[in-house]
Amino acid sequence: MTYLFSSVEDMKKTLPPVPHAVVMLAGYRSPRDGGGGTFYWDASEALPEDGGTIFAPAGAKAGRYVRVRENHRIHVKWFGAAGDGKTDDTAAIQAAIDALPASGGEVILPGGHYAISKTLCIGDGNGTTPSRKNGIRLIGTGSGVGHGTVSQTVLTAIKPMGVMLSVCGPIADCRLACLSLRANGMAETVLHLHAVHAAVLDRVHVSGQQSVGIDIDGGSSHLLFQQSGCANQLENVTSLRIGGEGHEGEPVRNSSFIGCRFDTAQRDQGIAVHLRYAEKLTFRRCHMNVYRFETAKGLLLDALGHDGYPRGNTFCDCSITRGYLSEDETHRIGHQFFIGNGTYDHETIEPHPHIFGITDIGSLL
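Count along the sequence shown starting at 1, add 234, and that's the number in this note's numbering.
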């Protein structure tokens, strides 16, 4: 026997009188809204509902509609995400992430504007206890950079919050791709990576933070950022901070940034990249830009949190407008290496015995 329902609401009103059946769902709220699919009805099943792949008829202790799908692939529309910029999609997106198995998988966010009212969490680690899930991938269709025709995936904060998207480790093998995260002045931090290892961020762009755009700490390591970045929209904020406020735990280390852009834009007192408790990072063809030359900083090497850090970091063919150091008598930076940096784009790097490299005007000592 085959059943056809136009919405989840209609499906949950029906208790089929047969032990097994094929069920066709036309949409989550209405036909063709992206939340439909094929289910099978199992009268003996008692799995807990998850709001997208498993549903129970109203009042039924046993009997479940179970979506026919790949185990490691989830679509946010299955959980009722609208992506219309008006509906609060927080619960739907979080439910989709939570529905992944312990080994992780892929959460698909098709093009649209998703309104977020509180922090979205990838993983449930607390910095010491590891996340119970790894390998979580949050994949959109486009970050909105350039002039492509692909529909962009935008997550927009609509209420005040501390962090908009938090990756909570220790956690490994995560991936964020083709996303635009817009805080619109509602979130202190847009994207926070804490104790995250072997993760990839590909074409992820953030903006609108009250304090920090992308914050990486907790001993995170082996990260790869490519064609990602942050543009400041408020004064006195930071695009990228690595190493946090203090020096507890392990430094952020062994990570690469390729073709990324961190930009203070036309804002005063901003910082494009702030390195603190960090070592062995590589920035290749990245831009750390400012336009308010007297007040903003393109790169801040800050030793005040921990003596000898940041250290061992390499900047290859980067555009760094206005580089600065922050030290005192007992806190000095470690060695830094600048290769192929030019002076033709208002670039400055303070002379220091621990700074080495080659620029278009010769060597740095």
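Just so you know, even glycine gets a beta-carbon here, dropped at the ideal spot from N, CA and C.
How is residue i classed by DSSP in three states: helix, strand or coil?
i: Val252; result: coil
i: Asp436; result: strand
i: Glu528; result: coil
i: His540; result: coil
i: Gln570; result: strand
i: Asp551; result: coil
i: Lys247; result: coil
i: Thr363; result: coil
i: Ala349; result: strand
i: Asp323; result: coil
i: Ala336; result: coil
i: Ala499; result: coil
i: Val384; result: coil
i: Val341; result: strand
i: Ile583; result: coil
i: Asp242; result: The residue you asked about is not Asp; residue 242 is Val in the sequence shown. Three-state result, Val242: helix.
Less than 8 Å separating the beta-carbons of residue i and residue j?
i: Val252; j: Phe239; result: no
i: Ala349; j: Asp323; result: yes
i: Asn466; j: Ala499; result: yes
i: Leu372; j: Leu413; result: yes
i: Arg366; j: Ala336; result: yes
i: Leu533; j: Ser560; result: no
i: Ser377; j: His439; result: yes
i: Gly286; j: Ala330; result: yes
i: Thr555; j: Gly504; result: no
i: Gly338; j: Ala326; result: no
i: Phe572; j: Gly542; result: no
i: Val486; j: Ser462; result: no
i: Ser351; j: Lys393; result: yes
i: Met398; j: Leu425; result: yes
i: Ala255; j: Thr236; result: yes
i: Ser385; j: Gly345; result: yes
State buried or exposed for residue i, treating a residue as buried only when at least 16 other CB atoms are found within 10 Å of its CB.
i: Leu389; result: buried
i: Phe517; result: buried
i: Phe527; result: exposed
i: Leu509; result: buried
i: Ser278; result: exposed
i: Thr423; result: buried
i: Leu320; result: Correcting the residue identity first, residue 320 is Lys in this sequence and not Leu. When all chains shown are included, Lys320 counts as exposed.
i: His540; result: buried
i: Asn368; result: buried
i: Asn418; result: exposed
i: Asp536; result: buried
i: His306; result: exposed
i: Ala506; result: buried
i: Gly264; result: Here residue 264 is Ser; the residue named in the question, Gly, does not match the sequence. The residue in question, Ser264, is exposed, as its Cβ has fewer than 16 Cβ neighbours within 10 Å.
i: Gly293; result: exposed
i: Ala280; result: exposed
i: Gly480; result: Per-residue confidence for Gly480 stands at a pLDDT of 49, beneath the threshold of 50, marking its modelled position as unreliable; the derived number appears in the next sentence. With fewer than 16 other Cβ atoms within 10 Å, it is exposed.
i: Glu563; result: exposed
Using alpha carbons as the reference points, say which of the options lies closest to residue i.
i: Trp275; options: Val300, Glu283, Ile356; result: Val300
i: Tyr558; options: Ser400, Met235, Tyr262, Val524; result: Val524
i: Glu469; options: Val486, Phe459, Ile476, Gly442; result: Gly442
i: Pro404; options: Met398, Val397, Asn360; result: Asn360
i: Phe496; options: Phe459, Ala512, Ser455, Ser489; result: Phe459
i: Gly453; options: Val397, Asp502, Glu513; result: Glu513
i: Lys531; options: Cys494, His431, Leu474; result: Leu474
i: Gly261; options: Val242, Glu340, Lys246; result: Val242
i: Leu354; options: Arg566, Gln328, Thr375; result: Gln328
i: Arg437; options: Gly478, Ala421, His431, Ile492; result: Ile492
i: Leu435; options: Asp244, Glu283, Ile370; result: Ile370
i: Cys402; options: Ala433, His569, Leu415; result: Ala433
Can residue i be considered in contact with the ligand ZN, in the sense that its beta carbon sits closer than 7 Å to one or more heavy atoms?
i: Ser385; result: You won't find the ligand ZN in this model; it holds no ligand whatsoever.
In the stretch 253 to 320, which residue ranges form an unbroken beta strand (DSSP E) of at least 3 residues, counting only runs that do not cross its ends? 254 to 259, 271 to 276, 298 to 301, 307 to 309
Jot down the residue ranges of each uninterrupted beta strand (DSSP E) in the stretch 386 to 468, minimum 3 residues, whole runs only, in chain order. 387 to 391, 395 to 406, 409 to 416, 421 to 431, 434 to 441, 446 to 451, 458 to 460, 463 to 465
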